[in-house]
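Participant:
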Amino acid sequence: MTFAIILILTLIGCEAIPNGLPDWARAEDEVYSYWIAIINRQYELAKCYCITDGVWYNKTDEWEEYINTNSEGEASILIYRPSFYEQAEEI
Numbered sequence: 002m003t004f005a006i007i008l009i010l011t012l013i014g015c016e017a018i019p020n021g022l023p024d025w026a027r028a029e030d031e032v033y034s035y036w037i038a039i040i041n042r043q044y045e046l047a048k049c050y051c052i053t054d055g056v057w058y059n060k061t062d063e064w065e066e067y068i069n070t071n072s073e074g075e076a077s078i079l080i081y082r083p084s085f086y087e088q089a090e091e092i
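All residue numbers for the sequence shown refer to our numbering, where the first residue is 2 and numbers rise by one.
#1: Mind checking whether R42 and I68 have CB atoms under 9 Å apart?
#2: Report yes if the CB atom of Y44 is closer than 9 Å to the CB atom of I52, and no otherwise.
#3: Excluding sequence positions up to five away, which residues of its chain have a Cβ less than 7 Å from the Cβ of S34?
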């Protein structure tokens, strides 16, 4: 029975979260997924990676408006994980 449930979840696109993954790695993966969704203009998907009515959940609508206002049609940007993890600024 458990195998059938895992198989169904895998086939519909749900990812299993590895048990041994530390909390910081899971949080980092959620942040990365949020930004990938924003970049690909999948704003409702981006909200799925946020706490409902949290700061970044509400910020998603602002990002949508900003991107739609300042872009001229379709755009695609790829961020590769190595550059995503590089420290950009230290405060």
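Glycine is no exception: its CB is placed at the ideal position from the N, C-alpha and C atoms.
What you are looking at is a predicted structure, and each value in this text was computed from that prediction instead of being measured.
Facilitator: The structure says:
#1: yes
#2: The answer is no: Cβ separation not under 9 Å.
#3: Y50
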